[in-house]
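What follows is a single structure, written as structure tokens, with notes after it.
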Amino acid sequence: MQDINKEIQTGTDEATDAEAEPPGRLKVGIAYNLKRNTNGDLPDAEAEFDDMEAIDAIRSAIEETGCTVVLYEATDDFPIRLAQNRPDIVFNISEGIRGRGREAQVPAILDFLGIPYTGSDETTLCVAMDKALTKKLVASFGVNTPVYRIVKSAAFFPENISAGSMPEFPVLVKPNTEGSSKGVSDFSVARDIAGLRSMLDVKIGTYRQDMLVEKYISGREFTVGILGNGNGFRVFPPMEIIFNDKNHPIYSYEVKRNFRNFVRYRCPPDLSPDLLNKITDAAKTVYSVLECRDLSRMDFRMSADGSLYFIEINPLPGLAPGYSDFPMIAGFCGIDYPALIRSILDSALARYGMPLLGSGVNYG
């Protein structure tokens, strides 16, 4: 208890067993991982984590409805603090601490304790975290993906990588179980076998995990947001990512960090109705196949001949205002940030049969 109390006193967590909300007021917890700039080994080590400004923005949007909000940083004592100060529902943006299935850690704990929460469950998050496994699953339902191979880190030797065993060049190389474009840069495209061997050697040595090697699809890039559940989920129009530098059209970690310098966005994009329907239909299929809940965002590439390729999905998309893609898409569609956060929470409340806050967002 001394460590927990120390955390509370320094302002990093508000989940105390002494805190009490007014009778009848919904207590909403926010589960998150905070950027602390403590890991200097990788420049993108904390890319998936949130800063305090994003957490405060979510808290403010929920508190405006009259709810009590309690913060739960997802550190090692997270289950203890939940048990000591149990919320009615948790707004989950936690990416987890370690391991291939880390995004499932908080949902698994919440399910174990019987606490409702926003977003997809642990099974969906585990599957979606593995890019190759996701591609294999959605491809079985007719969704087109680039040709890919997995290079196992434990069995990797550069000399064993041959052109015949890989997709046709050029290829994109990225960690198989990362999000937020971790391990993706302008230099992640290999154009020959020598470059691929060198790239794999560096990336496996750096990220110490399996690498996804997939056919690089040149063309236009789109990201699609979905909000809601069941027959009432809403597919937002695709948002196109337009690269200022046509020689390096990669939506990398560095580009996302400094997006105002590298890209611009268009939503809806300049596409024919048939091509728009092709993207939204594919997004619906992926969302349904993976049994996503409440919200998700997925990425596609379209080649010059109009062929569409599913790249990956994020069922736990970033929600940082003025930065993350999902709030940008909602903003293009006339949904301001507080309404978006409340609509996500309402979507989860409806799933659990709990009274709604009333976000005013049309899901249909």
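Taking the working numbering, the leading residue of the sequence shown gets 211, the next gets one more, and so forth. All C-beta atoms in this analysis are idealised placements derived from N, C-alpha and C, irrespective of residue type, glycine included.
### Query
Between which two residues does the beta strand (DSSP E) harbouring Tyr242 extend?
Translated into positions along the sequence shown, residue 242 becomes position 32. Counting along the chain, the beta strand (DSSP E) containing Tyr242 begins and ends at 237 to 242.
#### Entry: Limits of the alpha helix (DSSP H) - the one that Ile551 falls within
As a position in the sequence shown, residue 551 is number 341, starting the count at 1. Where Ile551 is concerned, the enclosing alpha helix (DSSP H) stretches over 547 to 561.
### Query
Looking only at its own chain, which residues have a Cβ that is under 6 Å from the Cβ of Glu501, when we skip the five neighbours before and after it?
On the sequence shown, position 291 is the one that residue 501 refers to. Cβ neighbours of Glu501 beyond the five flanking positions: Thr334.
### Task
With a threshold of 8 Å, establish whether the CB of Ser557 neighbours any heavy atom of the ligand FAD.
Of ligands this structure carries none, so the ligand FAD is not represented either.
### Query
Between which two residues does the alpha helix (DSSP H) containing Phe179 stretch?
Past the boundaries of the shown model lies residue 179; the chain is included only from 211 to 574, so the question cannot be answered.
### Task
Using a threshold of 9 Å, state whether the C-beta atoms of Ile586 and Phe301 are closer than that.
Because the chain here runs from 211 to 574, residue 586 falls outside it and cannot be looked at.
### Task
Using the Cα positions of Thr495 and Phe351, report the straight-line distance between them to the nearest angstrom.
Here residue 495 refers to the residue found at position 285 when the sequence shown is read from its first residue. Here residue 351 refers to the residue found at position 141 when the sequence shown is read from its first residue. When rounded, the separation of the alpha-carbon atoms in Thr495 and Phe351 is 8 Å.
### Query
What are the residues that DSSP puts in a beta bridge with Arg430?
By 1-based counting over the sequence shown, the position of residue 430 is 220. Arg430 pairs with Met512.
### Task
Leaving out five residues on either side along the sequence, give the residues of the same chain with a beta carbon under 6 Å from the beta carbon of Leu559.
Taking the first residue of the sequence shown as 1, we reach residue 559 at position 349. Cβ within range, chain order: Leu566.
### Message
For Ser506, list the residues DSSP reports as bridge partners.
### Response
Locating residue 506 in the sequence shown gives position 296, counting from the first residue. According to DSSP, which records beta bridges pairwise, Ser506 is partnered with Ile436.
### Message
What does the alpha-carbon distance come out to for the pair Gly415 and Ala364?
### Response
As a position in the sequence shown, residue 415 is number 205, starting the count at 1. As a position in the sequence shown, residue 364 is number 154, starting the count at 1. If I take the Cα positions, the gap works out to 11 Å.
### Task
Can you tell me which of Gly389, Arg507, Ile303 puts its alpha carbon nearest to the alpha carbon of Asp266?
The residue you call residue 266 lines up with position 56 of the sequence shown. Measuring from the Cα of Asp266, the nearest candidate turns out to be Ile303.
### Query
Taking only beta-carbon atoms, is Gln294 less than 9 Å away from chain B?
The structure shown contains no chain B, having only a single protein chain.
### Query
If you run the structure through DSSP and keep just helix, strand and coil, what is Asp260?
For this step, residue 260 is matched to residue 50 along the sequence shown. In this structure, Asp260 counts as strand in the three-state DSSP scheme.
### Message
Counting beta carbon pairs with one atom in the region 265 to 282 and one in the region 238 to 247, are three or more of them shorter than 8 Å?
### Response
In the pairwise beta carbon analysis, the region 238 to 247 is classified as touching the region 265 to 282: at least three pairs are separated by under 8 Å.
### Neighbour-count burial assignment, Ile307, 16 or more Cβ in a 10 Å radius
As a working mapping, residue 307 is identified with position 97 in the sequence shown. When all chains shown are included, Ile307 counts as exposed.
### Query
Where does the unbroken beta strand (DSSP E) through Glu283 begin, and where does it stop?
Start at 1 with the first residue of the sequence shown, and residue 283 comes out as number 73. Membership of Glu283 in the beta strand (DSSP E) is indicated by the continuous run 278 to 283.
### Query
How is the beta strand (DSSP E) around Asn302 delimited, first residue to last?
Your numbering for residue 302 matches position 92 in the sequence shown. It spans 299 to 302 - the beta strand (DSSP E) in which Asn302 sits, taken as one unbroken run.
### Proximity winner among Val445, Phe432, Glu464, relative to Ile452 (alpha-carbon distances)
Your numbering for residue 452 matches position 242 in the sequence shown. It is Phe432.
### Contacting residues, own chain, Cβ-Cβ under 8 Å from Asn471 (five flanking each side not counted)
As a position in the sequence shown, residue 471 is number 261, starting the count at 1. Closer than 8 Å at Cβ, skipping near neighbours: Asn454.
### Query
From Asp411, Lys425, Thr328, pick the residue whose C-alpha is nearest to that of Arg359; which is it?
Start at 1 with the first residue of the sequence shown, and residue 359 comes out as number 149. That would be Lys425, whose Cα lies nearest to the Cα of Arg359.
### Task
Over the uninterrupted beta strand (DSSP E) stretch that includes Lys425, give me the two end residues.
Position 215 of the sequence shown, counted from the start, is the residue given in the question as residue 425. Element bounds for Lys425: 421 to 425.
### Message
Suppose you measure from the CA of Lys345 to the CA of Phe367; what does that come to, to the nearest Å?
### Response
As a first step, residue 345 is located in the sequence shown; it is residue number 135 there, counting from the start. As a first step, residue 367 is located in the sequence shown; it is residue number 157 there, counting from the start. Going by the C-alpha atoms only, they are around 25 Å apart.
### Task
Mind checking which residues open and close the alpha helix (DSSP H) that includes Phe469?
Residue numbering aside, residue 469 sits at position 259 when the sequence shown is read from its first letter. 469 to 472 is the span of the alpha helix (DSSP H), which, as asked, contains Phe469.
### Query
Using DSSP with H/G/I as helix, E/B as strand and the rest coil, what is Leu445?
As a first step, residue 445 must be located in the sequence shown, where it is residue number 235. According to the sequence as given, residue 445 is Val; it is not Leu. In the structure shown, Val445 sits in a strand (DSSP, three-state: E or B).
### Task
With DSSP as the reference, label Asp213 as helix, strand or coil.
Along the sequence shown, one-based indexing puts residue 213 at 3. Confidence at Asp213 is low in this model, with a pLDDT of 40, below 50, so the placement of that residue is unreliable and no value is reported for it.
### Member of Phe520, Arg418, Pro537, Glu522 whose CA lies at the smallest distance from the CA of Gly528
Reading the sequence shown from its first residue, position 318 is the one you call residue 528. Considering only alpha carbons, the answer is Pro537.
### Task
Within 10 angstroms of the Cβ of Asp213, are there 16 or more other Cβ atoms? Answer buried if so, exposed if not.
Working through the sequence shown from its first residue, we reach residue 213 at position 3. At Asp213, the pLDDT of 40 sits below 50, so the modelled position is not reliable; the number obtained from the coordinates is stated separately. Classification of Asp213: exposed, given that the 10 Å Cβ count is below 16.
#### Entry: Simplified DSSP assignment, three categories, for Asn524
To locate residue 524, count along the sequence shown from 1; it is residue 314. Asn524 sits in a strand when the DSSP states are folded into three classes.
### Task
State the Cα-Cα distance for the pair Tyr417 and Lys466, rounded to the nearest angstrom.
Numbered from its first residue, the sequence shown carries residue 417 at position 207. Numbered from its first residue, the sequence shown carries residue 466 at position 256. Near 20 Å, if we compare the C-alpha coordinates of Lys466 and Tyr417.
### Query
Since Ile325 and Pro297 are thought to touch, with beta carbons under 8 Å apart, how far apart are those beta carbons, to the nearest angstrom?
For the purposes of this step, residue 325 is identified with residue 115 of the sequence shown, where counting begins at 1. For the purposes of this step, residue 297 is identified with residue 87 of the sequence shown, where counting begins at 1. Right, the Cβ-Cβ distance comes to about 7 Å (below 8 Å), so this counts as a contact.
### Query
In whole angstroms, what is the alpha-carbon distance linking Ala284 and Asp402?
Here residue 284 corresponds to residue number 74 of the sequence shown, with the count starting at 1. Here residue 402 corresponds to residue number 192 of the sequence shown, with the count starting at 1. The alpha-carbon atoms of Ala284 and Asp402 are separated by roughly 42 Å.
### Message
I need the straight-line Cα distance from Tyr533 to Ala293, nearest angstrom please.
### Response
Taking the sequence shown and counting its residues from 1, the one referred to as residue 533 is at position 323. Taking the sequence shown and counting its residues from 1, the one referred to as residue 293 is at position 83. Cα-Cα distance, rounded: 33 Å.
### Task
Would you kindly report the start and end of the unbroken alpha helix (DSSP H) that includes Tyr358?
Within the sequence shown, the letter at position 148 stands for residue 358. Tyr358 -> not in any alpha helix (DSSP H); beta strand (DSSP E) instead, spanning 358 to 361.
#### Entry: Inter-residue spacing [alpha-carbon to alpha-carbon] between Asp396 and Gly405
Within the sequence shown, numbered from 1, the residue matching residue 396 stands at position 186. Within the sequence shown, numbered from 1, the residue matching residue 405 stands at position 195. If I take the Cα positions, the gap works out to 14 Å.
### Query
What whole-angstrom Cβ distance do Leu384 and Met421 have, given they're in contact under 8 Å?
Position 174 of the sequence shown, counting from 1, holds the residue named residue 384. Position 211 of the sequence shown, counting from 1, holds the residue named residue 421. The amino acid at residue 384 is misidentified as Leu; the sequence shows Lys. Sure, about 7 Å apart at Cβ, within 8 Å.
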